[in-house]
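Colleague:
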Amino acid sequence: CALSEYANSKEGFGTFDAVMLSNLLCRLPDPMAALNAMPKIVNKGGVVVMVTPFTWLEEFTPKSKWLGGFHDPVSQEPLYSKDNLKQIMESLGFEKIHEEQMPLVIREHERKYQYILSEATGWRRM
76 CALSEYANSK EGFGTFDAVM LSNLLCRLPD PMAALNAMPK IVNKGGVVVM
126 VTPFTWLEEF TPKSKWLGGF HDPVSQEPLY SKDNLKQIME SLGFEKIHEE
176 QMPLVIREHE RKYQYILSEA TGWRRM
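Using my numbering, the letters of the sequence shown correspond one by one to residues 76 to 201.
1. Should the stretch 93 to 112 be called in touch with the stretch 127 to 144, which here means at least 3 C-beta pairs below 8 Å?
2. Select from Ser166, Arg102, Tyr155, Glu152 the residue whose C-alpha is nearest the C-alpha of Phe135.
3. Using a 10 Å radius around the Cβ and a threshold of 16 neighbouring Cβ atoms, would you call Phe169 buried or exposed?
4. By DSSP, does Met125 sit in helix, in strand, or in coil?
5. Would DSSP call Leu154 helix, strand or coil?
6. Between the stretch 88 to 96 and the stretch 111 to 131, do at least 3 Cβ pairs fall closer than 8 Å?
7. Is Pro128 closer than 9 Å to Glu175 when the C-beta atoms are compared?
8. I need the DSSP call for Met95, collapsed to helix, strand or coil.
9. Suppose the cutoff is 7 Å on Cβ atoms and the five residues either side in sequence are ignored; what does the same chain contact list for Tyr188 look like?
10. When the distance is taken between beta carbons, is Trp131 closer than 9 Å to Ser156?
11. Excluding the 5 residues preceding and the 5 following Ile191 in the sequence, name in chain order all residues of the same chain whose CB lies nearer than 6 Å to its CB.
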């Protein structure tokens, strides 16, 4: 993920008070690389806003890198992306400050549309 490369470079643009990932997380080849970069690029007290439908597809993200959306291979319990995202962000020093369902319509062509409900969350860096 270029975000992790940016976070680790000395020639970056600095840090930010706010970062937004909109319908991006489940389209990255390595979503954890992007999440792990957040503490390096977001100022203390800064906010990360993520909007994602968690529609993981192997054409974008190898299944081994998905945050959820499958069953645990040992326990067969479902693993939910939303729950894992909360655990990951908290372990990185962020607290959830907002959550809502956000509708999205994508026009594919004149007669075909996709209606999607994305999970919108806000996270403050502690």
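Think of the CB as a built atom: it goes at the ideal place given N, C-alpha and C, for glycine as much as any other residue.
Modeller: Well, looking at it:
1. yes
2. Arg102
3. buried
4. strand
5. strand
6. yes
7. For Glu175 and Pro128, no; Cβs fall outside 9 Å.
8. Assignment of Met95 by DSSP, reduced to helix, strand and coil, places it in the strand class.
9. Val180, Ile181, Arg182
10. yes
11. Pro128, Leu179
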